[in-house]
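Contents: one structure, followed by commentary.
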């Protein structure tokens, strides 16, 4: 079984100070594996990188249509947002429109927002963060919407709740694999495991969706477009998903997950990408996905966002450049 | 050349979600390498883990004695503190006593304190952090004290400044290696490279110091004791160095460094330890050093701090246990 491969290096002065090894698969909807590094069969928990899969039942069930969800709301249902007002206001309005009280209904738990303004406002007023600030509150709003549509009970994160059973079924269908099980995510929802290849295959299917096929095809197409059309809702100012999707001008949708998972959906090439840095460090997954996107031709390697994630520079507390990121070996040289 | 070895695993439910590989050396002052994992010859930047080496010239030059530095000040000179009032007040008083204005003289740069109270106070008053809040301000106070004693110029972080030349000489002597060069640290001081073995050898010398030998021996002994006697000054509430030194009741001194370096000085066994997690993740270095300390017999493996760093548990936003850390393979089974 192949080991993880060194994909990203962290340099300080003349020394390679740290490295990030990982597994990655570039999947063509028409041709299967187009490239891979490390072990494509490595079993991973996709974490938040699979939120667009978790949102499929929301659309396919008819819930999104029944409640008139907007494209922006669909983007937010795929988000790991940073709790800025633009995100929390939308969650409050969304659930309010359904007659659902966010703080009693949500099961994601409270989280201090990463957005500096939102965080500062809470600290200055001695206010504790709420569940709407949780980076997953959009996904959970989608879960609650589906639960209401199905007339299901309130414990929507239980693995045997109809919402999670629907998520599991969609997950296994789009990854093309029986999941070997799940872990409980930071937001308390079950997170189903798959191989890196399975996750890339799923993203290839999203990439190949035209919006003119069956219900699955149309749902995939809507979610991919919603993410690309609303980069700031999917993450937030200063976050890599937002910066990269903006830099690509809608040509691809990307999503990060905790413990250094990252996916990309590239419709114009009918390609999906999935990768996992084995040590769980986000700077590694950001560098790796950014490099792949440049080599797929949908992101200009000279764009400031692309340079930042693949090369740094690393600056210290006096703003002195102390180091940089470098792409490693054969991964750096790869072209498709 | 040996590769890094998997030392620590991060589990979520039934899945090994991430791993941390590293290099580690346990060095006996009398016997040399007692145990090693990964590549003992791996060249690393020790970062803040070598602050007690950087403080040697402060004592050996006579500066500490000339200015009447206390044991607490010596501990702070070895610190990566979290900018709590107990740290910043001491820096202000220390430099004030020397007639030095901290904010014009320091070259470490400003840093938002990690201490929750200090951070909240700054945010609530719209106050920017200062250089005294920088986690390295104690080390830099030591540098400034030495510079004053030597009558040297103000740019004390320049690699050819007398302070840094003295640090380099001490570093090469105690590691027993010619340094292959330096990187610029987060605090703008040069940080000299050595092998993992070199760093462990240096810590073995600290461990073997009795306080009854030459100037080097006495300086090493004082610094080791100062750290062990003032755990909170070396890091701060909630920080691993502080928690581990408290848990050991002064039986060993430990120090972390950025990018997942960790050292330990165990006087009663005349043993020094150095390790580096290759991906730079602190949770990995904390777990690894904690495990080694338990196996060296100076830390009770059942102590809550020891359990926390080696096993977790990992909890989510609703305080549900979602995973745990595990020590890996032969490293887990190691005894000395």
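Residue numbers (my numbering), protein chains in the order written: chain W, 302 to 637; chain P, 302 to 637.
Glycine included, every Cβ here is placed at the ideal spot set by N, Cα and C.
None of the values given here were measured: they were computed from a predicted structure.
Exercise for the section: Determine the contact status of residue 306(W) and residue 329(W), defining contact as a CB-CB distance below 7 Å. Expected result: Taking the first residue of the first chain as 1, we reach residue 306(W) at position 5. Taking the first residue of the first chain as 1, we reach residue 329(W) at position 28. For residue 306(W) and residue 329(W), no; Cβs fall outside 7 Å.
Problem - Segment limits, beta strand (DSSP E) that includes residue 307(P) - result: Here the question's residue 307(P) lines up with position 6 in the second chain. Taken as a continuous stretch (DSSP letters only), the beta strand (DSSP E) holding residue 307(P) covers 306-313.
Handout entry: For residue 451(W), the three-state DSSP class (helix, strand or coil)
Key = Residue 451(W) sits at position 150 when you count from the first residue of the first chain. Helix at residue 451(W).
Practice task
Over the uninterrupted beta strand (DSSP E) stretch that includes residue 335(P), give me the two end residues.
Solution key: Locating residue 335(P) in the second chain gives position 34, counting from the first residue. 333-338 is the span of the beta strand (DSSP E), which, as asked, contains residue 335(P).
Handout entry: Members of the stretch 319-353 of chain W that neighbour chain P once the beta carbon cut-off is set at 7 Å
Key = 319, 320, 321, 344, 346
Handout entry: Minimum length 3: unbroken beta strand (DSSP E) runs contained in the stretch 484-561 of chain P
Key = 491-493, 554-558
Exercise for the section: Within 10 angstroms of the Cβ of residue 498(W), are there 16 or more other Cβ atoms? Answer buried if so, exposed if not. Expected result: For the purposes of this step, residue 498(W) is taken as the residue at position 197 of the first chain. By the neighbour-count rule (16 or more Cβ atoms within 10 Å), residue 498(W) is buried.
Problem - Start and end residues, alpha helix (DSSP H) containing residue 393(W) - result: Locating residue 393(W) in the first chain gives position 92, where the first residue counts as 1. Note, residue 393(W): alpha helix (DSSP H), 386-398.
Exercise for the section: Starting from residue 580(W), find everything on chain P with Cβ-Cβ shorter than 7 Å and list it in chain order. Expected result: Position 279 of the first chain holds residue 580(W). Those within 7 Å of residue 580(W) in chain P are 319, 320, 321, 580, 582.
Handout entry: Between the CA atoms of residue 382(P) and residue 403(W) - distance to the nearest angstrom
Key = Walking along the first chain from the start, residue 403(W) turns up at place 102. Walking along the second chain from the start, residue 382(P) turns up at place 81. Roughly 39 Å separates the two Cα atoms.
Handout entry: Endpoints, alpha helix (DSSP H) assigned at residue 420(P)
Key = Translated into the one-based positions of the second chain, residue 420(P) becomes position 119. Segment 417-425, the alpha helix (DSSP H) holding residue 420(P).
Practice task
Drop a sphere of 10 angstroms on the beta-carbon of residue 352(W), count the other beta-carbons inside from all chains shown, and report buried for 16 or more, exposed for fewer.
Solution key: In the first chain, the residue the question calls residue 352(W) occupies position 51. Buried, since its Cβ has 16 or more Cβ neighbours within 10 Å.
Practice task
Give the straight-line distance between the Cα atoms of residue 430(W) and residue 530(W), rounded to the nearest whole angstrom.
Solution key: Taking the first chain and counting its residues from 1, one reaches residue 430(W) at position 129. Taking the first chain and counting its residues from 1, one reaches residue 530(W) at position 229. Straight-line Cα distance between these residues: approximately 28 Å.
Handout entry: residue 292(P) - DSSP class collapsed to helix/strand/coil
Key = No information on residue 292(P) is available, as it lies outside the stretch 302 to 637 that chain P covers here.
Handout entry: Interface partners of residue 494(W) on chain P, CB under 8 Å
Key = By 1-based counting over the first chain, the position of residue 494(W) is 193. Those are 316, listed as they occur along chain P.
Handout entry: the stretch 332-351 of chain P in contact with the stretch 483-496 of chain P per 3-pair CB rule at 8 Å
Key = yes
Exercise for the section: Have a look at the DSSP bridge pairing and note the partners of residue 638(P). Expected result: As shown, chain P starts at 302 and ends at 637. That puts residue 638(P) outside it, with no answer to give.
Exercise for the section: Compare the C-beta of residue 383(P) with all C-beta atoms of chain W and state if any pair is closer than 7 Å. Expected result: Reading the second chain from its first residue, position 82 is the one you call residue 383(P). For residue 383(P), the answer is no, since every Cβ of chain W falls outside 7 Å of its Cβ.
Problem - Classification of residue 500(P) by the beta-carbon crowding that lies within 10 angstroms, buried from 16 upward - result: For this step, residue 500(P) is matched to residue 199 along the second chain. The residue in question, residue 500(P), is buried, as its Cβ has 16 or more Cβ neighbours within 10 Å.
Handout entry: Validate contact between the stretch 474-481 of chain P and the stretch 313-324 of chain P using beta carbons, cut 8 Å, 3 pairs
Key = no
Problem - Contact with chain W by residue 489(P), beta-carbon distance below 7 Å - result: Your numbering for residue 489(P) matches position 188 in the second chain. It does: the Cβ of residue 489(P) has a partner Cβ on chain W nearer than 7 Å.
Exercise for the section: State yes or no: is the C-beta of residue 560(P) within less than 7 Å of the C-beta of residue 318(W)? Expected result: Counted from its first residue, the second chain places residue 560(P) at position 259. Counted from its first residue, the first chain places residue 318(W) at position 17. Yes; because the gap between Cβ atoms is below 7 Å, this pair is in contact.
Practice task
Kindly indicate the opening and closing residues of the beta strand (DSSP E) around residue 319(W).
Solution key: Here the question's residue 319(W) lines up with position 18 in the first chain. First-last of the beta strand (DSSP E) with residue 319(W): 316-329.
Practice task
Would you mind giving the Cβ-Cβ distance between residue 532(P) and residue 547(P), rounded to the nearest angstrom? I have them listed as a contact below 8 Å.
Solution key: Translated into positions along the second chain, residue 532(P) becomes position 231. Translated into positions along the second chain, residue 547(P) becomes position 246. 5 Å between Cβ atoms; contact.
Exercise for the section: Using a Cβ-Cβ cut-off of less than 7 Å, give me the residues of the stretch 548-566 of chain W that come near chain P, in sequence order. Expected result: 560
Practice task
Give the secondary structure of residue 573(P) by DSSP, where H, G and I count as helix, E and B as strand, and everything else as coil.
Solution key: The residue given as residue 573(P) occupies position 272 in the second chain. Residue 573(P) falls in the strand class under three-state DSSP.
Exercise for the section: From the DSSP output, read off the bridge partner residues of residue 628(P). Expected result: To locate residue 628(P), count along the second chain from 1; it is residue 327. Answer is 309(P), bridged to residue 628(P).
Problem - Between the CA atoms of residue 436(W) and residue 332(P) - distance to the nearest angstrom - result: For the purposes of this step, residue 332(P) is taken as residue 31 along the second chain, with counting starting at 1. For the purposes of this step, residue 436(W) is taken as residue 135 along the first chain, with counting starting at 1. Taking the straight line joining both Cα atoms gives about 52 Å.
Problem - Anticipated Cβ contact below 8 Å, residue 359(W) with residue 443(W), distance rounded - result: Locating residue 359(W) in the first chain gives position 58, counting from the first residue. Locating residue 443(W) in the first chain gives position 142, counting from the first residue. Contact flag correct, Cβ pair sits at about 5 Å.
Handout entry: Under 8 Å by beta carbon: chain W residues contacting residue 483(P)
Key = Counting from one through the second chain, the residue named residue 483(P) turns up at place 182. Correct list: 314.
Exercise for the section: Please report how far the alpha carbon of residue 396(W) lies from the alpha carbon of residue 523(W), in whole angstroms. Expected result: Taking the first residue of the first chain as 1, we reach residue 396(W) at position 95. Taking the first residue of the first chain as 1, we reach residue 523(W) at position 222. The straight-line gap from Cα to Cα measures roughly 21 Å.
Problem - Through-space distance from residue 450(P) to residue 456(P), alpha-carbon basis - result: As a first step, residue 456(P) is located in the second chain; it is residue number 155 there, counting from the start. As a first step, residue 450(P) is located in the second chain; it is residue number 149 there, counting from the start. So the alpha carbons of these two residues sit roughly 14 Å apart.
Problem - Contact list for residue 421(P) against chain W, beta-carbon separation under 8 Å - result: Sequence index remark: in the second chain, residue 421(P) carries index 120 (1-based). Chain W residues near residue 421(P): 424.
Exercise for the section: Give the secondary structure of residue 406(W) by DSSP, where H, G and I count as helix, E and B as strand, and everything else as coil. Expected result: Residue numbering aside, residue 406(W) sits at position 105 when the first chain is read from its first letter. Note: residue 406(W) maps to helix in three-state DSSP.
Handout entry: Boundaries (first-last residue) of the alpha helix (DSSP H) holding residue 358(W)
Key = Position 57 of the first chain, counted from the start, is the residue given in the question as residue 358(W). 357-361 is the extent of the alpha helix (DSSP H) around residue 358(W).
Exercise for the section: Using a threshold of 7 Å, state whether the C-beta atoms of residue 588(W) and residue 610(W) are closer than that. Expected result: Reading the first chain from its first residue, position 287 is the one you call residue 588(W). Reading the first chain from its first residue, position 309 is the one you call residue 610(W). In this structure, residue 610(W) lies closer than 7 Å to residue 588(W) by Cβ.
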